[in-house]
Structures are given as C-alpha cells and as structure tokens.
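Below is one structure; the comments refer to it alone.
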C-alpha cells in the first residue's frame, strides 16, 4: 500500500509537469517530493513475516479488525512512507503474558529506534521519537523473548504502525474537573475508566455467538472500571512514557486514573508474584519515573500491595526497617504532586493485628499519603474490611482508606489463591457507608489469575473460565 501511494504522488507531480513549463514542473515535483501527502497507517497484518513465527488474526478491537500475532521469535516488516515532519513512530501492541512480558524492538531501515516491554494485555500505543527523510522506509518490528511453558505462552500482538507529525499539535485532552485538594476525597465526583479493549471485553465478544450466558458474565467484568498495574516488568527507562500514555488515555476519557505500583525489591517473598527491582537505588529511580509519567496530572496510586503485610515472612528485622524507609521515600516522591493521592497498602482483616499494621504504616510514611488501601487482590467481605479500616484509621488520626471489592462478592474461600466459588464485589462507588472509606473499587483486575494454583495460569494472566464464574456469582 505505501509503495502504491508513493507512485501515485510522483505520478501526479509528473502529470502537473506536463501542463507547466519545465522550470515550474520541476518546482512542482520538488515540492511534491519534499512535502508528500499524508498516508494511512501501516496495518500489521499486511507486514511480511516468516510463516513459522506467526500469522494474522481477527480482532474487532484492532484498527482494521485484524492484527499480527508473533508466536515465535521473528521480525515483521513492511514499507511505510515517512515525511520530514514526522517526529515519532507509534506502534500499537499488546502482549500475551507468561512468566514475564514480551519485548518488542522497532527499527527503520535496519537501525533500531527503540524497544518496549509490552505489559498490557489490552491494545496500547508505544511511541518512538526520530526523524527520517521523505520517502518509503522499511519498518521492522521484532520479537525476541518468546517463552512457552506447560501452562502459558508468551506472544506479541501488533495492530498498526502510524506516524506522529511535529507540525500537528497533540490533541488536547477532554476537559476534566480541577483536581481535588490533598485533603479531599479524590474519588468524589469522579468516574472510573472502562477499557473498551480489555481482556474481559475481548473474551466476551469472542464467545457471544455460541455462549451468550458466558459472554453476559464476562460483560459484568468488562463494564466495570479497574486499576492499571505497573511493575518491574517495565524498566525505568520506558516507565514514564508508558505511564504517561495510560494516564493520558484515561484523563482524555474524563476518568480518574488509578495506578498500582508493584516493584518493591523481594516482592511477594518469592511466591507466585515474585519479583521486584534489584535494590533500593533501582526502586527510587523506578518510582521517580512513575511520578514523571503522571506529570502532575490527577491520579490515584496504590503503593505496593502486600509489601507491609507480608514482609515478616521473608525479611530480617533490619531489612523490614529498610523496606519501610524505602516506602516512605516513595510516598514522598509521589505525594509531592498535590494532584496525586497515594494509598499505602495495609493488607487486610485477619492478617496483621491493627496495632502492628498502624505502626508499620507510620514508619512507611502514611502521614504524607492520602491514606491506605485494603483487601487488594483478596476476598474479605466489605463489613470485615470496613471494621479493620476503621480501627486502623482511628490509630492513625483519621487517615482514610480504599477498599478493593473486585472479588469479594461471596466473601473469602478456603484459600487465597484462585479459590473456587467466588464472585464479583461492588463496582466503583463512594457510597461506602463510612466517612473514612473513600471508595470501593476494583484494584485487582477480575479474571486475572493469582498464580499457578487451583488450575490457574501464571499470575496476572486472564483466565476466562474463572472470570465467567466471578461474573455469574456477582453481588450485583
């Protein structure tokens, strides 16, 4: 397609030249070559790719109803017309997660222009700056960290390549309310972001024709807002750009971005969600990049689920003190913007005694934060979580809190990891019944696995059968 458009543009210039003097025709051709007409995007499914590395696939959420699936290490390439006014190459992609995220590399005419870790299972734009002379260029997208296990398969999915022009201003975001002051409830008057291309939405659409009941259960998840998680699978070098893109998308939709920071060193004590950045220095830089991506815009950050509640399981007393000090630094960095409301995670009821957790929260800088979060990725009832939150709040001078209701519609099961028989809890609301509870909302993305337990795939992978059960047993 790009080659045809290039020929057409040149042919038009020659046709004009036939009606002009040689000098005028030359000037017209020069103008046509120097400033080519804009061309359409490069659809990934039209790019060339070796047969054993992938294929095109249908997706109603993709720009042309289809995309390119790279299931093995390989490179997809195509010809794309770029002009001198192009300032960024933009790639739309998503990833199938498996013990980590797929990484993509983008090159133009054999020269790498950037790379990105594709942590989202929903379509997301990745932008790479550069400048190129007018003309057709070979754009290549490479996938080189394929992984397949008995329970999961890491793949890269590419939708479209497009260009951003320096001469065209970026579209202004839709007007949003002025950020609440630090002392106010950030959720008051706000609405959550419902992703039109979420895993739940795609799963529902894929089975609607042959399993309407399952699709209806998935629709309950797809129509509810949930938080976006950022962790050590996104390197600090690209974190700010990815956070900025997500905050921009949600802000432009008139929604309040809710982000989860999940990169503390020694995360999850080596269990199903093990990981975290290498050390304290790396964590400080990672948090600085997270704050840079938010860039003073209105946002909520849930800081490090389980980091305080779980630390006694794997850290020495000295390392526990170091973790709390590091979290206090993170709170300070994020809360430096008055538009960012930080909730420091405090586990949930029945885990750590309230007096012990209150002391940990104070050491971890909760006085600088909006408050604390409870029941993240867990199943405790609203009533028990509110009672625990009220107790903590009293011990902390009235600090407010946030409750994850994503999967607590039927209360706790017999295990914390993918328990059977659970259901969706309340969708986003500030009608919590407690002046100290800022909101009920979905922090965990319903349908994503807790780990390879009870038949589940790796942590964070969308599990359609489990998601259907959550929807069928929802509290609403």
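Numbering (the working numbering), first residue to last: 32 to 507.
Cβ coordinates follow ideal geometry from the N, Cα and C atoms, glycine included.
Counted within 10 angstroms of its Cβ, other Cβ atoms place residue i as buried (16 or more) or exposed
i: residue 245; result: buried
i: residue 85; result: buried
i: residue 253; result: buried
i: residue 128; result: buried
i: residue 479; result: buried
i: residue 386; result: exposed
i: residue 52; result: Note on residue 52: pLDDT 41, under 50, position unreliable in the model; no value is reported.
i: residue 457; result: buried
i: residue 202; result: Note that residue 202 scores a pLDDT of 47, beneath 50, so its modelled location is shaky and nothing firm can be said.
i: residue 446; result: exposed
i: residue 74; result: buried
i: residue 482; result: buried
i: residue 380; result: buried
i: residue 462; result: exposed
When the options are compared against residue i, the one with the closest alpha-carbon
i: residue 304; options: 335, 419, 432, 430; result: 335
i: residue 401; options: 409, 350, 365, 450; result: 365
i: residue 194; options: 489, 121, 168, 341; result: 121
i: residue 91; options: 229, 330, 101; result: 229
i: residue 277; options: 316, 260, 161; result: 260
i: residue 433; options: 140, 495, 306, 333; result: 333
i: residue 188; options: 404, 395, 103; result: 103
i: residue 107; options: 125, 135, 498, 450; result: 135
i: residue 444; options: 345, 224, 410; result: 410
i: residue 284; options: 436, 221, 477, 465; result: 221
i: residue 451; options: 484, 124, 174; result: 484
i: residue 442; options: 506, 427, 299; result: 506
i: residue 158; options: 165, 119, 191, 298; result: 119
i: residue 190; options: 124, 165, 233, 163; result: 124
i: residue 403; options: 414, 438, 331, 95; result: 331
i: residue 465; options: 346, 476, 413; result: 413
i: residue 95; options: 164, 192, 163, 421; result: 192
i: residue 142; options: 233, 170, 421, 346; result: 170
Other residues of its chain near residue i: CB distance less than 7 Å, five sequence neighbours each side excluded
i: residue 320; result: 267, 270, 271
i: residue 399; result: 362, 363, 366
i: residue 314; result: 294, 295, 296, 308, 357
i: residue 488; result: 182, 183, 480, 494
i: residue 160; result: 118, 119
i: residue 490; result: 303, 304, 480, 481, 482
i: residue 238; result: 245, 246
Beta-carbon proximity check, residue i vs residue j, cutoff 9 Å
i: residue 98; j: residue 88; result: yes
i: residue 218; j: residue 376; result: no
i: residue 296; j: residue 391; result: no
i: residue 79; j: residue 109; result: yes
i: residue 137; j: residue 172; result: yes
i: residue 472; j: residue 493; result: no
i: residue 251; j: residue 486; result: no
i: residue 150; j: residue 264; result: yes
i: residue 343; j: residue 155; result: no
i: residue 255; j: residue 455; result: yes
i: residue 224; j: residue 286; result: yes
i: residue 424; j: residue 431; result: yes
i: residue 435; j: residue 407; result: yes
i: residue 393; j: residue 453; result: no
i: residue 384; j: residue 328; result: no
Spatial neighbours of residue i in its chain, beta-carbon cut-off 6 Å, leaving aside the 5 residues before and after
i: residue 323; result: 271
i: residue 378; result: 340
i: residue 226; result: 153
i: residue 382; result: 340
i: residue 306; result: 263, 298
i: residue 389; result: 423, 426, 427
Any non-hydrogen atom of the ligand NAD closer than 8 Å to residue i Cβ
i: residue 268; result: This structure lacks the ligand NAD; in fact it carries no ligand of any kind.
Close-in-space but distant-in-sequence residues of the same chain around residue i (CB under 8 Å, 5 per side omitted)
i: residue 168; result: 110, 111, 112, 113, 139, 140
i: residue 499; result: 245, 248, 249
i: residue 126; result: 132, 133, 149, 150, 151, 152, 185, 186, 187, 188
i: residue 497; result: 449, 478, 480, 487
Practice item. Decide yes or no for the touch test of the region 273–292 against the region 174–181: beta carbon pairs closer than 8 Å, at least 3 of them. Key: no
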